[in-house]
Amino acid sequence: MWSAPLLLWLLLGGLITPHALAEPYWERIFASSDFALAHFLGNDAIGRDVYVRLLFAARVSALLGLSGALVAISIGMTVGLLAGYFGGRIDQLLMRTVDVLNGLPLLFLLLLLMALMGRSVALIVLAAGAVLWLDFARIVRAQTLKLRAQPYIEAAQMLGFSSLHILTRQIMPNLKRQALGYLAVLVPKVILLESFLSFLGLGVQEPYASLGAMISDGAIDMELRPTLLLAPVMVLMWLLLSVRQFSDSMARAQR
Amino acid sequence: MAVWLLKRLGFALLALWCLLTIAFFLLRLAPGGPFDQERALPPEVKEQLMRRFNLDQPLPIQYFHYLRDLVHGDLGPSLSYPDFSVVELLSQALPVSLALGAWAFTLALLGGVGLGVLAARGGYSGRLLDHLATLLLAIPNFVLAPLLVLAFALTLNWLPAGGWNGAWSSSIVLPVVALALPLLASIAVLTRASLEEVRESDASKLQRAFGFGFIDELRGGALKMALLPVVAYAGAALAQLLTGSVVVEQVFGLPGLGRYFVLGALNRDYTLLLGAILFFGSLILLLQLLTDVLLAWLDPRIRL
Chain E
1 MWSAPLLLWL LLGGLITPHA LAEPYWERIF ASSDFALAHF LGNDAIGRDV YVRLLFAARV
61 SALLGLSGAL VAISIGMTVG LLAGYFGGRI DQLLMRTVDV LNGLPLLFLL LLLMALMGRS
121 VALIVLAAGA VLWLDFARIV RAQTLKLRAQ PYIEAAQMLG FSSLHILTRQ IMPNLKRQAL
181 GYLAVLVPKV ILLESFLSFL GLGVQEPYAS LGAMISDGAI DMELRPTLLL APVMVLMWLL
241 LSVRQFSDSM ARAQR
Chain B
1 MAVWLLKRLG FALLALWCLL TIAFFLLRLA PGGPFDQERA LPPEVKEQLM RRFNLDQPLP
61 IQYFHYLRDL VHGDLGPSLS YPDFSVVELL SQALPVSLAL GAWAFTLALL GGVGLGVLAA
121 RGGYSGRLLD HLATLLLAIP NFVLAPLLVL AFALTLNWLP AGGWNGAWSS SIVLPVVALA
181 LPLLASIAVL TRASLEEVRE SDASKLQRAF GFGFIDELRG GALKMALLPV VAYAGAALAQ
241 LLTGSVVVEQ VFGLPGLGRY FVLGALNRDY TLLLGAILFF GSLILLLQLL TDVLLAWLDP
301 RIRL
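Spelled out as C-alpha cells, the structure:
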C-alpha cells in the first residue's frame, strides 16, 4: 500500500525539517542535492530547500483536497436531501438549476473568481466545493427518493416527527456510505483543481507552497534542473494514487 | 427532429446568457477596477476614463448597454488595450484555440475509440490498456505538458517546445497530444467496456454463431451501439478539454483565447474578459450541440 507511508510522511515529516520553508539560501541557487547540508533534493530558483517545500506543499494539497471535498459533499447533500424529500416544485427548481449549472463551464467562472477576489485559502476551498457538488446532489436525491418510500419514514411522518428530524436523524445516516464513497472520488478532483489553480498562479500564494505552483516553477527551469519539475510531479502522483488506492480498498471492504 | 434541435439550441443560448450574466455581475462586484493597477491615477483622469467606458453608471444600466451592444455584435473596446476592440483581439485568437481544440478532440476520439476496440478484442491488450489508462488518467494535463516538452523537445529534439506556426505545423503536435491524452484514456476505457457489453447481447451472439468475424460484427451494428455512451461522455468532457487548453496554451506559449482570458483576469479588463468568456462558452456549447446531433444520428430513439 502506498498511502500508509505517505500519511506517515505528511503527518510526522514536519518534525524533521532541517530548514525553514521560505528561507532563500542565496549561495545555493539551483544547487543539486547535498546530504551533508541536509538539502535532500537541492534548492530551487531562489535557493529555497526543495524537500521542505515539497513536504509543505503536499500537506497543503492534501488538506485543501479534503476540505474542498467536504464542502462539496455538504452542499450536494443539502440540495439532494431537499430535492428528494420534498419533491414537487422544490425538486423541479433544484434539479433545473443543477442541469443549467452542469452545462456551464464553471471552471471559467472559478478562474475568474480566483483572479479577482484574491487568494485566501478559505476562498479556494469554498470555490472548489461550489464547483463540484452537482453530481453528488443527484446521487443523494436518488437515494433519498428510495429511502423516502420506506415504511419507517412513513411511520415517522405519521407520528408527527418534524421534517428536519426525519431528514437529519432518519435519512441522512443512511447516506453515510454514499457520502464516504463519493468523498474518496472527490478528494483527488479537488487536489487536481487546486493544483491547476496554483499552476496558473491563482491558488496558494507565496511564501506558502503548493504542488501546482512548484510544478509551474519547475517547468520554467526544467532545462537547467529537471529535479525541480520531476520531484513535485512524483509527489503529486503519489498523493493521487494513494487516495485512489484508499478509496478502492474502502469500496472493496464495504462489499 | 427540427423541433428537438431548436429546443437544444434554445437551451444552449439560455445557458450562455446565464454564464454571461453571472460573469458580468461577478466582475463588476469584485474589488478593484480596471484602472487601479499600476500607478494611482489622479481622480479627474480616473473619473474621465470611467465615464468614457460607461463604468460610472449603475450596474443594471451597464448590463443593459452591454446586452444591447452585444446584439449588434459589438463587444466594446478592450479596457487595457483601448486601441483594439475586443472582437479584433479575440478573432485573432479564436482560430488558434479552435484548431487546438478540434485536433485534440479528434485525436482523443479516434485514438480512444481505436484503442478501446483493440482492447475489447484481445486478452493481454485489455490488461495493457487498463494499466496505461490508469496512468494517463492520473496525470493532469499541466503535468503532462511540461513532461512532454522535457522528453520530446529538450531531450530528443524532435519537436518544438513552444510557439505557433499555424494549425498544420509541427508546433501544434505537442500541445494537442498534451491536451488530448487524458481524454483519450477515458474514452478508450469507456469504449472497451461499452463494446464488451454490446457483444454480450443476443444480436451479437447470433452474429458470432453465424460465423461473423470481429470486424463484421462491428460493422453489423455493434460499433454504433457501443459508441452511444462514448459520444455522450465526450460531449460532456468537452468543457474540461477547453478549460485544459488554457493551461496548455500557457505552457507552450500559444496565442489563443486562454491567453486573453488570463490577461483580462489579471488586468481586470472587463470587456476583454467577458468577451473571452463569451467566446469560450459559445465554443463549448456549439461543440456540445454538435455532439448531441451526432448522438441523435447514432440513436434514433433520442430524437423526441
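Chains E and B, in that order, are what the protein sequence lines are.
First residue of the first sequence: 1, per the numbering used here; consecutive thereafter.
First residue of the second sequence: 1, per the numbering used here; consecutive thereafter.
Backbone N, C-alpha and C define an ideal beta-carbon position, used for all residues, glycine too.
| task | Kindly say whether Pro226/E, judged by its beta-carbon, lies nearer than 8 Å to any beta-carbon of chain B. | result | Residue numbering aside, residue 226/E sits at position 226 when the first sequence is read from its first letter. Taking Cβ atoms only, chain B reaches closer than 8 Å to Pro226/E, which makes this a yes.
| Where does the unbroken alpha helix (DSSP H) through Leu75/E begin, and where does it stop? | The residue given as residue 75/E occupies position 75 in the first sequence. One detail in the question is off: residue 75/E reads as Ile in this sequence, not Leu. Segment 50-86, the alpha helix (DSSP H) holding Ile75/E.
| Counting contacts by CB-CB distance shorter than 8 Å, is Gly221/B in contact with chain E? | As a working mapping, residue 221/B is identified with position 221 in the second sequence. Gly221/B does not count as touching chain E.
| request: Mind checking the region 208-232 of chain E against chain B and listing, in chain order, the residues whose C-beta falls within less than 8 Å of any C-beta there? | output: So the list reads Gly212, Ile215, Ser216, Gly218, Ala219, Met222, Glu223, Pro226, Leu229, given in the order they occur along the chain.
| task | On a CA-only basis, which of Gly76/E, Trp9/E, Thr97/E is nearest Ala57/E? Give me that one, please. | result | What you label residue 57/E is simply residue 57 of the first sequence in a count that begins at 1. Minimum Cα distance to Ala57/E is reached at Trp9/E.
| Contact under 8 Å by Cβ, Leu104/E with Ala145/B | As a position in the first sequence, residue 104/E is number 104, starting the count at 1. As a position in the second sequence, residue 145/B is number 145, starting the count at 1. Their beta carbons are not under 8 Å apart, which means Leu104/E does not touch Ala145/B by this criterion.
| Anyone know if the C-beta pair for Leu266/B and Val230/B falls short of 8 Å? | Within the second sequence, the letter at position 266 stands for residue 266/B. Within the second sequence, the letter at position 230 stands for residue 230/B. Contact: no.
| message | Counting only C-beta atoms, is Thr320/B closer than 8 Å to chain E at any point? | response | The first residue shown for chain B is 1 and the last is 304, placing residue 320/B beyond what the model contains.
| message | Taking the alpha-carbon of Gly68/E as reference, which of Leu101/E, Gly47/E, Leu126/E has the nearest alpha-carbon? | response | Along the first sequence, one-based indexing puts residue 68/E at 68. From the listed residues Leu101/E, Gly47/E, Leu126/E, the smallest Cα separation to Gly68/E is found for Leu126/E.
| task | Counting only the same chain and skipping the five closest in sequence on each side, list residues whose C-beta sits under 6 Å from that of Tyr51/E. | result | Numbered from 1 along the first sequence, position 51 holds the residue referred to as residue 51/E. Correct list, in chain order: Phe40, Leu41.
| Hey, is the region 199-219 of chain E in contact with the region 153-160 of chain E, meaning 3+ C-beta pairs nearer than 8 Å? | Segments in contact, no.
| message | Quick check on DSSP: helix, strand or coil for Pro77/B? | response | As a first step, residue 77/B is located in the second sequence; it is residue number 77 there, counting from the start. DSSP places Pro77/B within a strand segment (E or B) once states are collapsed to three.
| field | Reduced DSSP secondary structure (H/G/I, E/B, other) of Ser85/B | value | Taking the second sequence and counting its residues from 1, the one referred to as residue 85/B is at position 85. Three-state DSSP puts Ser85/B in a strand.
| query | Which bits of chain E does Ala138/B rub up against, with CB to CB less than 7 Å? | reply | Position 138 of the second sequence holds residue 138/B. For the C-beta of Ala138/B, the chain E residues within less than 7 Å are, from N- to C-terminus, Met237, Leu240, Leu241.
| Quick one: Cα of Leu258/E to Cα of Ala128/E, how far? | This structure gives no information on residue 258/E, because the portion of chain E shown stretches from 1 to 255.
| request: Report whether the distance from the Cβ of Asp44/E to the nearest heavy atom of the ligand PLP is below 7 Å. | output: What this structure holds is no ligand at all, so the ligand PLP is not there to describe.
| query | Is the shortest distance between the beta-carbon of Ala180/B and the beta-carbons of chain E less than 8 Å? | reply | Locating residue 180/B in the second sequence gives position 180, where the first residue counts as 1. Taking Cβ atoms only, chain E never reaches closer than 8 Å to Ala180/B, which makes this a no.
| Selected residue, minimal CA-CA separation from Leu192/E, among Phe246/E, Leu240/E, Asp221/E | Start at 1 with the first residue of the first sequence, and residue 192/E comes out as number 192. Minimum Cα distance to Leu192/E is reached at Leu240/E.
| Which residues in the same chain have their Cβ closer than 8 Å to the Cβ of Trp103/B, if we skip the five residues on either side of it in sequence? | Numbered from its first residue, the second sequence carries residue 103/B at position 103. Taking Trp103/B as the centre and dropping the five residues before and after it, the same chain places the C-beta of Ala167, Ile172, Val176, Ala180 closer than 8 Å to its C-beta, in chain order.
| query | In chain B, what lies closer than 8 Å to Pro105/E by C-beta? | reply | As a working note, residue 105/E is residue 105 in the first sequence. Result: Leu19, Ala239, Leu242, Thr243, Phe280, Gly281, Ile284.
| query | Which word fits Lys189/E, buried or exposed, when buried means at least 16 other C-beta atoms lie within 10 angstroms of its C-beta? | reply | Against the first sequence, residue 189/E aligns to sequence position 189. Classification for Lys189/E: buried.
| said: So Leu112/E contacts chain B; which residues on that side make the cut at Cβ distance below 8 Å? | reply: Taking the first residue of the first sequence as position 1, residue 112/E is located at position 112. Those are Ala23, Leu26, Leu27, Ala265, Leu273, Ile277, listed as they occur along chain B.
| field | CB contact flag (Phe199/E, Gly181/E, <8 Å) | value | For the purposes of this step, residue 199/E is taken as residue 199 along the first sequence, with counting starting at 1. For the purposes of this step, residue 181/E is taken as residue 181 along the first sequence, with counting starting at 1. Contact: no.
| message | Could you check whether the Cβ of Phe142/B sits closer than 8 Å to any Cβ belonging to chain E? | response | Walking along the second sequence from the start, residue 142/B turns up at place 142. Output row for Phe142/B: interface = yes.
| Closer than 8 Å, Cβ to any Cβ of chain E: which residues of the region 245-257 of chain B, in chain order? | So the list reads Val246, Val247, Gln250, Val251, given in the order they occur along the chain.
| task | Would you please verify whether the beta carbon of Val100/E is less than 8 Å from any beta carbon of chain B? | result | Locating residue 100/E in the first sequence gives position 100, where the first residue counts as 1. Yes, Val100/E lies at the interface with chain B (some Cβ there is under 8 Å from its Cβ).
| Taking the alpha carbon of Leu197/E as the point to measure from, which residue in Leu164/E, Leu186/E, Val233/E, Ala115/E has its own alpha carbon closest? | Numbered from its first residue, the first sequence carries residue 197/E at position 197. A check of alpha carbon separations from Leu197/E across Leu164/E, Leu186/E, Val233/E, Ala115/E identifies Ala115/E as the nearest.
| Which residue from Ile124/E, Leu82/E, Met117/E puts its Cα closest to that of Ile166/E? | The residue labelled residue 166/E in the question sits at position 166 within the first sequence. Check the Cα spacing between Ile166/E and each of Ile124/E, Leu82/E, Met117/E: the tightest is with Leu82/E.
| Within 8 Å (strictly less), CB to CB, does Val262/B reach chain E? | Counting from 1 along the second sequence, the entry for residue 262/B is found at position 262. The beta carbon of Val262/B falls within 8 Å of a beta carbon belonging to chain E, placing the residue at that interface.
| query | Along chain B, which residues have their Cβ under 7 Å away from the Cβ of Ala115/E? | reply | Counting from one through the first sequence, the residue named residue 115/E turns up at place 115. Against Ala115/E, the close residues of chain B are Ala265, Leu266, in the order they occur along the chain (beta-carbon pairs closer than 7 Å).
| Buried versus exposed, by CB contacts within 10 Å (16 or more), Asn141/B | The sequence position of residue 141/B within the second sequence is 141, counting from 1. Asn141/B sits buried, since 16 or more C-beta atoms from the chains shown fall within 10 Å of its C-beta.
| Rounded C-alpha distance that separates Gly264/B from His131/B | Along the second sequence, read from residue 1 onward, the residue named residue 264/B stands at position 264. Along the second sequence, read from residue 1 onward, the residue named residue 131/B stands at position 131. In this structure, the CA atom of Gly264/B is about 40 Å from the CA atom of His131/B.
| request: Helix, strand or coil for Asn165/B, going by three-state DSSP, please let me know. | output: Here residue 165/B corresponds to residue number 165 of the second sequence, with the count starting at 1. Looking at Asn165/B - three-state DSSP - the assignment turns out to be coil, as it is neither helix nor strand.
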